[in-house]
Amino acid sequence: VAAKRLKRPVKWIAERNEHFLGDAQGRDNVTTAKLALDEKGRFLALDVDLVADLGAYLSCYAPFIPFIGAGMSPGVYDLPACFIRVRAAYTNTVPVDAYRGAGRPEAAYVLERLVDVAARETGVAPDRLRKLNFIKPKAMPYVTQTGKAYDSGEFAAHMERAQAIADWAGFNKRLARSKKAGKLRGIGFATYIEACGNNGPETATIVLEKDGSVTVPIGSQSTGQGHHTAYAQIVADHLGLPPERVNVIQGDTDLIRTGMGTGGSSSIPCGGASLDAATRKLVKNLKDLAADMLEAGPGDLEIADGHVRVAGTDRAVSLADIAKSPKAKPELLRTE
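Throughout the sequence shown, residue numbering follows my numbering, covering 6 to 341 in sequence.
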């Protein structure tokens, strides 16, 4: 209304108090949890009783948040038995909605707190206790007691890599220096696994332009996460182009038929995978076209530096020249 009356764009920014009073909140759970171990420190069972505050009325994803968190409760550990109880309550507060993790960080927090408590009570080092109970690579694919299927994972190797980067072994020396300087220093450890990419199929198209650059209309829409950069890099890696030669277009409904947007950590698992598949199709088409131009077999060709060349030789043709060739029909330069 204001924009029409003023005949110019109007931007309204809520004050902080207005945000707190009117916007959906992230989470408010009361959780009681127990972890059972045998005498060797192996996990036997997990018991979680969670009450989730939904606010005064339901938002779109409010019930989904504790539900998905319950499913991820076993984390990366080989837990033979799990009992997860989730209840919800209405209160006179602002409704909750999916916000930064949506149930999965809550599940990880509860479980990792339990593991740290178990480490202190048993006297087992927290990293050693975790490594003892990680799901082993040879157990993959693995289905948790809550029904989540893990197709792969080398959790112990990941942990060891993280420890090396953080110089976990050198912490006591750093701690001694801090104490000498009158400072406090601590170190913590936590693991995390996430169910993601559940928003549904995503649309991605890649088009080779006449100047050798690439246009990528894609269905997802960034909201500050840097997806634009990631998408450009996926294409650039396949085609041997600098990322700045890849024009990523998001949110233009004149060019994009469908799209799921962003959310649920789906943009790269779905949108990125769709773009990767489309780019591979384009690579095949370009090699077929270049094979004719270079009088070589497609299997003898490689793509690098914006050119398709016969491997091990200096015989090459640029992507721009391929795009301009008579046999380069539009449907061969545009893939999905």
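Glycine included, every Cβ here is placed at the ideal spot set by N, Cα and C.
query: Based on the DSSP output, what are the partners of P222 in its beta bridges?; result: I254
query: If you compare alpha carbons, which of V212, R13, T208, S218 is closest to Q226?; result: T208
query: Classify K185 as buried or exposed, calling it buried when 16 or more other Cβ atoms lie within 10 Å of its own Cβ.; result: exposed
query: Going by C-alpha distance, which of V99, L116, V6 is nearest E369?; result: Here the chain comprises residues numbered 6 to 341, so residue 369 is not present and cannot be evaluated.
query: Rounded to whole angstroms, what is the Cα-Cα separation between D52 and R109?; result: 17 Å
query: Confirm, please, whether the CB-CB distance from I254 to L342 is below 8 Å.; result: Residue 342 lies beyond the stretch modelled for the chain, which goes from 6 to 341, so this question has no answer here.
query: Work out the CA separation of D132 and F176 for me, nearest whole Å.; result: 13 Å
query: Only counting runs of 4 or more residues, tell me where the alpha helix (DSSP H) segments fall wholly within the region 60-115, in order along the chain.; result: 69-76
query: At the level of alpha carbons, what is the spacing between V251 and S323?; result: 16 Å
query: Expressed to the nearest angstrom, what Euclidean distance is found between the alpha-carbon atoms of E159 and V81?; result: 10 Å
query: So, under 8 Å CB-CB, G277 and I239 are touching, yes? Tell me the CB distance rounded to an integer number of Å.; result: 6 Å
query: How close, in whole Å, do the beta carbons of K153 and G76 come, if the pair is a contact with beta carbons under 8 Å?; result: 6 Å
query: Residues in the same chain with beta-carbon distance under 7 Å from C201, minus the five sequence neighbours each way, listed in chain order, please.; result: G269, S270, S271, P274
query: Can you check DSSP and say which residues form a bridge with S323?; result: H312
query: Count the CB pairs spanning the region 142-151 and the region 112-131 that are closer than 8 Å, and state whether there are at least three.; result: no
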